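J.:
Numbering (the numbering used here), first residue to last: 988 to 2035.
(1) Looking at C-beta atoms only, is the number of pairs between the stretch 1584–1601 and the stretch 1545–1554 that lie closer than 8 Å three or more?
(2) Starting from residue 1195, follow the alpha helix (DSSP H) in both directions and report where the run begins and ends.
(3) Quick check on residue 1858: buried or exposed, where buried means 16 or more other Cβ atoms within 10 Å of its Cβ?
(4) Could you give the first and the last residue of the continuous alpha helix (DSSP H) run that contains residue 1138?
(5) Please list, in chain order, all residues of the same chain as residue 1085 whose beta carbon is under 7 Å from its beta carbon, the five residues on each side excluded.
(6) Can you tell me whether DSSP reads residue 1391 as helix, strand or coil?
(7) Tell me which same chain residues have a C-beta within less than 8 Å of the C-beta of residue 1808, skipping the five on either side of it?
(8) Run through the DSSP bridge pairs and tell me what residue 1659 is partnered with.
(9) Helix, strand or coil for residue 1627? Go by DSSP, reduced to three states.
(10) My output table needs one value for residue 1369: the three-state DSSP class, helix, strand or coil.
(11) DSSP three-state label for residue 1251, please.
(12) From the DSSP output, which residues share a beta bridge with residue 1007?
(13) Any chance the stretch 1187–1199 sits against the stretch 1136–1147, with 3 or more Cβ pairs inside 8 Å?
(14) On the CB-based measure, 16 or more other CB atoms within 10 Å of its CB, does residue 1538 come out buried or exposed?
(15) For the alpha helix (DSSP H) containing residue 1726, list its first residue and its last residue.
(16) For the alpha helix (DSSP H) holding residue 1476, just list the boundary residues, first then last.
(17) At the level of alpha carbons, what is the spacing between residue 1619 and residue 1675?
(18) What separation, rounded to the nearest whole angstrom, lies between the Cα atoms of residue 1001 and residue 1009?
(19) Would you be able to state if there are at least three C-beta pairs under 8 Å between the stretch 1711–1722 and the stretch 1661–1673?
(20) What do you get for residue 1230, buried or exposed, if any count of 16 or more other CB atoms within 10 angstroms of its CB means buried?
(21) Among residues of its own chain, excluding the 5 on either side of residue 1013, which ones have a beta-carbon nearer than 8 Å to its beta-carbon?
(22) For a test of the three-state rule: what should DSSP assign to residue 1769, helix, strand or coil?
(23) Apart from the five residues just before and just after residue 1495, which ones in its own chain have a Cβ nearer than 7 Å to its Cβ?
(24) Using C-beta distances below 6 Å, list every residue in its chain close to residue 1053, excluding the 5 sequence neighbours before and after it, in chain order.
(25) Going by the CB atoms, is the gap between residue 1509 and residue 1417 shorter than 7 Å?
(26) What did DSSP end up calling residue 1564 once you bin it into helix, strand or coil?
(27) Would you say the stretch 1412–1427 touches the stretch 1359–1373, given that touching needs at least three Cβ pairs under 8 Å?
(28) Which residues in the same chain have their Cβ closer than 8 Å to the Cβ of residue 1260, if we skip the five residues on either side of it in sequence?
(29) Helix, strand or coil: how does DSSP classify residue 1113 here?
(30) Do you know offhand how far residue 1356's Cα is from residue 1487's?
(31) Of the residues 1528, 1504, 1248, which one's Cα is nearest the Cα of residue 1545?
(32) How would you label residue 1628, buried or exposed, when you count the other beta carbons within 10 angstroms and need 16 or more for buried?
(33) Measure the C-alpha to C-alpha separation of residue 1646 and residue 1656 and round it to an integer number of angstroms.
(34) Grab me the residues of residue 1203's own chain with a C-beta within less than 6 Å of its C-beta, minus the 5 sequence neighbours each way, in chain order.
(35) When DSSP labels each residue in this structure, what does residue 1789 get in the three-state scheme?
(36) For residue 1013, which three-state DSSP category applies?
See the structure below:
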């Protein structure tokens, strides 16, 4: 058995609810025969006498506090506490207690159900917790003092106790004495420890300690301690600056020594806060609030002392000021306002240190110089103006009148950007946020705006919007310090500062990626770890944490690359809040890959959790083969020992799950923490069964009963659900049924899942959306009082529209599903917020993507309702696009009608020409069989000539004849002279009285021959072709649309 003794102090709670010190000793947890169980034993450090022997009860509530304290109640009104010197010892004893009680060591109290009286008793125990004993204030104990103070900062109760101990023992003045000794001996490690100790005392944030730190006799020594920052290669010279460079100038003589001392003290405290102390990170907001309060009350006291000092302001000056103000009463209101503004600007120096930038033609920012800015009334501009004078020689760098219609934009808390004139943009980058805020208030005062806004003009033309976007994109890039060990503190502060601004976050991410900064930091990490440079490793932890908080995919790709991911984990082991680093890399290299949860399928076909442990595949002698072994993570007990059978069907699911049947109706599952571990075990199983590891089931041929069993196993496996039903149930009757925050959170998660399905599983989710009328129910949630849920509903509709699917578009139009969006937009009443922007972006997307059906629907249905919105151009542009589409459609219809009429006319003319050419080109000697038959059947011809009525033509004959005419007319190519036939050779006259009645009618019959469709010829030039329009069906050929050709 290992010796688990730890150095502790034993306390017992007395009748007055105060903790009595029972002695110092070493604690151990061993099995005691007379108690029949594990017990806690504390033996005195001096003589080894037994101070405590307490059995660890299974029903006693043990409580872990402040990482080094374990408290419990031994019996009624007899409470005990063990205060450990080291956190590791406390953790070890706590694990033993939790092991006996069967609890998870991560909890801070072993019994969850505590009676009210016990709760109150534990509260009293926290309030009356044992006091903190400070080590002796000696040089060789400085490291111990530093660690103690840094440990106490994590707990509010321990901070209180530490502050009381420091104040009661006069510890600060003792530390100042140690500081003088270390400085005389040039003991640099000791001075570095004193820096951390003093910094921790400041972070206690206690007024009584600040009174001591800022007292006149030691304040400069305190500043001296804070000069020796371990992150710097050489100490700062703050004391030299305060003693020599800073000069106090009495504009008016001050005779009150208390007032004079208070002014000096306030200046030094302000210097300590602004210059000496490190800038608090994002996670330490208001950590030094007491220092700020101290300065604030000092200033109030200074003003009070000045008001009470009657001789402070000379009589002549007071009379001048009174007369000066009396004269101003005669001024006109506008002039009087300017008088007060000018007087205020002259009495209050508003100069701030700034850098002036101007945007060049390449949309890059040029540095125009460094100087001080002020806002004063300038006569020639007839208004308030911004003036920037160079820091070096006072030359005027900028003189710009504050215009009432110019859009000034405040960015990143220290940047003001505006457009002086077309394509000439300016920017002031302030050294201090306070200066930026002051100038911003002046600008907003001139324009009559609220200083809380970030842009003074809400209504901006589109070109101006684009210009301001370009200005943000073209803001001065961030220059990263060289990646060196002695610059780590500077890098950390830069990154933490940039996290406060979205624009600077973007610039920082670009700089880190472009310079390969992450890999450089990994190299520094190896150097710091080799040198055991703990402050450097702590800085690297904060730097890597800031890079993660940038939340940029391109940086995560680098951080998670295979060659450096373990080094990144190594950086994150060195949390400054911990006394010793974690061992994440060791865990990832050894244990995490094989970490599994074991499940067994019970009689109700539900999976029971059998515990968490680590799996291995080894040869087991008694099974005569490879087996799977799972040992519990907590105590190493064997949870599973299963031989890998050659005929058992093992199934791999979801990349991290292996399921198999151990025996009839006893199914097992291993759920892996990592995919790599699952793949490794699966390869072992496939190797035993001689299968390819790429398969997902090892036995392809399974009997029907086995199929059913595996189906049941799949159905009963740990579920992956898509739960739309809370959504459907909560939107019945077109109203939000339960609008609680918890329900809104659940619906928000469901909507995110549905949005993902719309984008990545388009076919199945489309059927689901249309069949369940899902979008209408989702849009009901836009009536919720929770804005984030309204935005989630709108985002879901935006995803559907982005699919550009005709089914979705028709569904939206038919259901008038834009109505809830329009109603929500109107309820927002034009407020400048995320909801307003999201709705506008939805319609802007429809416009830009030119989704015509939705554009037409929005304009036709909601156009009148949206016409009154003029602060953006979106709806006006939609109307314009709609009108252009209607005009284009109308022009297309007119053009189509005109083309059709022109085609018919052209066809009629061409037909006439073809018929004329056909008659003229017919040669008398070239007669086909039809002509010969016609001449041979002259008798029948004469009979037919007696009938003067037109011949009857069927619709089928009409179509065939038209087609034959086309072929015949196109095949004729002879000249007109060769085709001319005289009327004498035929013995017939054209239009004469001796002609046959058939020719005099100017018509001919059209026959439909079974072999060829041709026009029956005569000996004279063929008469004109007349088509019968009285047929019941319309002609099929374009030529048949011509009614007749006459006068041939």
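Cβ atoms here follow ideal geometry from the backbone N, Cα and C, with glycine treated the same way.
Quick caveat: nothing in here was measured; it's all calculated off a predicted structure.
T.: To lay it out plainly:
(1) no
(2) 1194–1200
(3) exposed
(4) 1129–1139
(5) 1091, 1092, 1097
(6) The DSSP-derived three-state label of residue 1391 is coil.
(7) Excluding five sequence positions before and after residue 1808, the CB atoms of its chain that fall closer than 8 Å to its own CB belong to 1766, 1769, 1781, 1784, 1826, 1829, given in chain order.
(8) Looking at the DSSP output, residue 1659 bridges to 1583.
(9) strand
(10) coil
(11) helix
(12) For residue 1007, which the question treats as bridged, DSSP gives the partners 999.
(13) yes
(14) Under this definition residue 1538 is an exposed residue.
(15) Looking at the DSSP string, residue 1726 is not in any alpha helix (DSSP H), and its letter there is neither H nor E.
(16) 1475–1485
(17) 25 Å
(18) Looking at the two C-alpha atoms, the distance is approximately 11 Å.
(19) no
(20) exposed
(21) Excluding residues up to 5 positions away in sequence, 992, 993, 994, 995, 1029, 1030, 1032 lie with their Cβ nearer than 8 Å to the Cβ of residue 1013 in the same chain.
(22) helix
(23) 1465, 1482, 1485, 1537
(24) 1142, 1145
(25) With respect to the 7 Å criterion, residue 1417 and residue 1509 are not classified as neighbours on the basis of their beta carbons.
(26) coil
(27) yes
(28) 1275, 1278, 1279, 1282
(29) Note that residue 1113 scores 46 on pLDDT, short of 50, meaning its location in the model is unreliable and no value can be drawn from it.
(30) One C-alpha to the other measures close to 26 Å.
(31) Of 1528, 1504, 1248, the smallest CA-CA separation from residue 1545 is found for 1504.
(32) exposed
(33) 4 Å
(34) none
(35) helix
(36) strand
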